[in-house]
Amino acid sequence: MIVGLKISQYKGLKKCELTDLKTINVLIGRNNSGKSSVLEGLYLASAAFRYKDPLRFGNKLVYLMNRRCPRDLSWSSGREVLWYNYDESLEIGLTIVLSNGSEIDIKLYNWHEHPLITVEPELLKAITPGRDAFCLVCSSVFKVETGAASVTRIDRSKLTPLLDKITGGKGIELMELMSGVNFIDVPLLHHFGSIERALWSKLVLKRLDKLLVEVLKSGYDVDAEDLTYIPLRDIYQLVVKLPKTAVRVDDLGDGARYSLVLAMVASLMRNSILLIEEPESHQHPGGLAKTLEVLVELVKDNKLQVFISTHSMELVRLLQAISNEEGVDTAIFFLERKEDGTVDVRHISPQDLEDLVKIGLDPRFLDLI
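Counting with my numbering, you get residues 29 to 397 for the letters of the sequence shown.
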């Protein structure tokens, strides 16, 4: 689990720091306050450990360039959109703090398309003297000052032990944590076919498809008996079997489909981080409550850490109640982005939340109080 996160020079964030992170972390605030950028920052950091996204079948940086408005941007044609004020002269900085206090510094430079892990030169001295950064994706070491001109390819097996030195013996834990990061956002709902291809066989082999049926039945009043693949115009598609017919998962409401995606992804994850953008989208309160119940249960069983961005106080209150009942630590953060791009982060305790609601104040408008 990570307990701290620092982000600098990424998109709309000049500087942002979150501390005292818990198992479930909820980000609230106005539009353009930086909530989604925090999720994206963690997703970008994960690219240093696993560059390809198994759900989207593409590289993570290209997805971040095109996520909000698809324009077929690539590293060579549009990487500047990742930088604060489009200024590539300063590196994007991402620092992850582990529970033992170890800090992992990840940087993205405009001269290398993979995020690098930066270290003191002494740590790389035995491998290649004078180097202070390494890339797990392409098995290379660098001297940041001279950039791409200093690249040296080496055996990856020489790099992975460095993670143990950086993390105080938690290298394997860090690799598992960051390699398994998944990002569930609204655009993903429109690519359900790719999720099917990536996850369905694994779900069925573990019989986790039963969980999906339960979500549909108890959260969305769908009289589902089972889920199966059938050919429709020579294309196999996932359908929900009802008592007298069947309906494509594609044709379910957006809320039900979002909950299915969340359950499919989270049920297969272990010891990693799940990023969720606005899970309240298109949700009826009953469906949202069931979705959160399933999520918290999976968080406990699969040892997940979750980061959620939301505009819904209903979600915050439901999640707080369910988490308290299940004994899962939850933190709520209010984000406010200043004109200079720095983000103020305020921790809202459960008691603070309760007190604000009691006196009729909406925590989402703390910047006006």
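Ideal Cβ placement from N, Cα and C applies to all residues, glycine included.
Note down the Cα distance separating residue i from residue j, rounded to an integer number of angstroms.
i, j, result
"Gly196", "Ser130", "7 Å"
"Phe220", "Trp139", "34 Å"
"Asp282", "Arg95", "19 Å"
"Ser337", "Glu367", "21 Å"
"Ser377", "Ala349", "13 Å"
"Pro157", "Glu148", "11 Å"
"Phe85", "Glu116", "27 Å"
"Lys43", "Ser74", "19 Å"
"Leu231", "Asn330", "14 Å"
"Leu302", "Val250", "27 Å"
"Lys278", "Phe335", "First, the amino acid is wrong: residue 278 is Asp here, not Lys. Straight-line Cα distance between these residues: approximately 26 Å."
"Asn210", "Glu382", "31 Å"
"Val324", "Glu150", "43 Å"
"Trp111", "Leu67", "15 Å"
"Ile182", "Ala76", "16 Å"
"Glu45", "Ser65", "12 Å"
"Lys328", "Ser295", "11 Å"
"Thr123", "Ser222", "31 Å"
"Leu118", "Tyr286", "37 Å"
"Leu288", "Leu240", "6 Å"
"Glu224", "Arg365", "37 Å"
"Gly314", "Leu347", "13 Å"
"Val179", "His142", "13 Å"
"Asp262", "Ile155", "54 Å"
"Arg99", "Asn128", "41 Å"
"Arg159", "Ile194", "15 Å"
"Glu253", "Asn59", "40 Å"
"Asp237", "Lys50", "29 Å"
"Val109", "Lys245", "42 Å"
Is residue i buried or exposed, if buried means 16 or more other CB atoms sit within 10 Å of its CB?
i, result
"Asn47", "Note on identity: in this sequence residue 47 is Thr, with Asn being the wrong assignment. Exposed is the call here."
"Gln379", "exposed"
"Tyr257", "exposed"
"Ile30", "buried"
"Glu308", "buried"
"Lys63", "buried"
"Cys97", "exposed"
"Ile387", "Low per-residue confidence applies at Ile387: pLDDT is 47, beneath 50, and the placement is therefore not dependable, though the value from the model is reported in the following sentence. Exposed: under 16 other Cβ atoms inside 10 Å."
"Gly355", "exposed"
"Gly247", "buried"
"Asp81", "buried"
"Thr273", "exposed"
"Ala177", "exposed"
"Tyr38", "buried"
"Val268", "buried"
"Ile360", "buried"
"Leu290", "buried"
"Arg276", "exposed"
"Ser61", "buried"
"Ser229", "exposed"
"Ile200", "exposed"
Alpha carbons only, please: which of the options is nearest the one belonging to residue i?
i, options, result
"Leu255", "Lys245, Leu266 and Glu45", "Leu266"
"Arg235", "Met292, Thr273 and Leu260", "Met292"
"Gly175", "Leu144, Lys186, Leu205 and Lys153", "Leu144"
"Gly40", "Val371, Glu382, Leu381 and Thr188", "Val371"
"Ser207", "Ser127, Asn60, Leu49 and Arg78", "Arg78"
"Leu126", "Val324, Lys34, Ile120 and Leu118", "Lys34"
"His339", "Asn352, Trp228 and Gln311", "Gln311"
"Val243", "Arg99, Met297, Glu204 and Thr319", "Thr319"
"Arg133", "Arg99, Leu202 and Met93", "A small correction: the amino acid at residue 133 is Asp; Arg does not occupy that position in the sequence shown. When each option's Cα is compared against that of Asp133, the closest is Leu202."
"Leu270", "Arg365, Leu280 and Ser61", "Leu280"
"Ser185", "Phe361, Leu164 and Leu288", "Leu164"
"Ile52", "Gly369, Glu305, Ser351 and Leu363", "Ser351"
"Lys171", "Ile194, Ala226, Thr146 and Lys193", "Thr146"
"Met297", "Leu205, Leu233, Asp237 and Ser61", "Leu205"
"Pro215", "Pro189, Val373, Lys50 and Leu92", "Leu92"
"Asn113", "Lys193, Leu332 and Ser36", "Ser36"
Taking residue i and residue j to be in contact with their CB atoms under 8 Å, please state how far apart those CB atoms are, rounded to whole angstroms.
i, j, result
"Lys88", "Leu70", "At roughly 11 Å, the Cβ-Cβ gap does not stay under 8 Å, so Lys88 and Leu70 are not in contact."
"Ser105", "Val90", "With 8 Å as the limit, Ser105 and Val90 do not qualify as a contact, their Cβ atoms being about 10 Å apart."
"Val169", "Leu152", "6 Å"
"Leu187", "Ser167", "6 Å"
"Val54", "Val322", "That belief does not hold up - the Cβ atoms of Val54 and Val322 are roughly 17 Å apart, past 8 Å."
"Gly32", "Phe362", "Incorrect: roughly 17 Å between the Cβ atoms, too far for contact."
"Asp213", "Glu342", "Not quite, the Cβ-Cβ distance comes to about 20 Å (not below 8 Å), so this is no contact."
"Leu83", "Ala226", "5 Å"
Could you tell me which whole beta strand (DSSP E) segments of length 3 or greater appear in the stretch 109 to 172?
120 to 126, 131 to 136, 144 to 146, 161 to 163 and 168 to 170
Along the chain, which unbroken stretches of the alpha helix (DSSP H) at least 4 residues long are found entirely within the stretch 178 to 214?
188 to 195 and 199 to 207
For the stretch 266 to 318, list the alpha helix (DSSP H) runs that are entirely contained and at least 4 residues long, ordered along the chain.
282 to 296
In chain order, each beta strand (DSSP E) run of at least 3 residues that lies wholly inside the stretch 315 to 362
333 to 337
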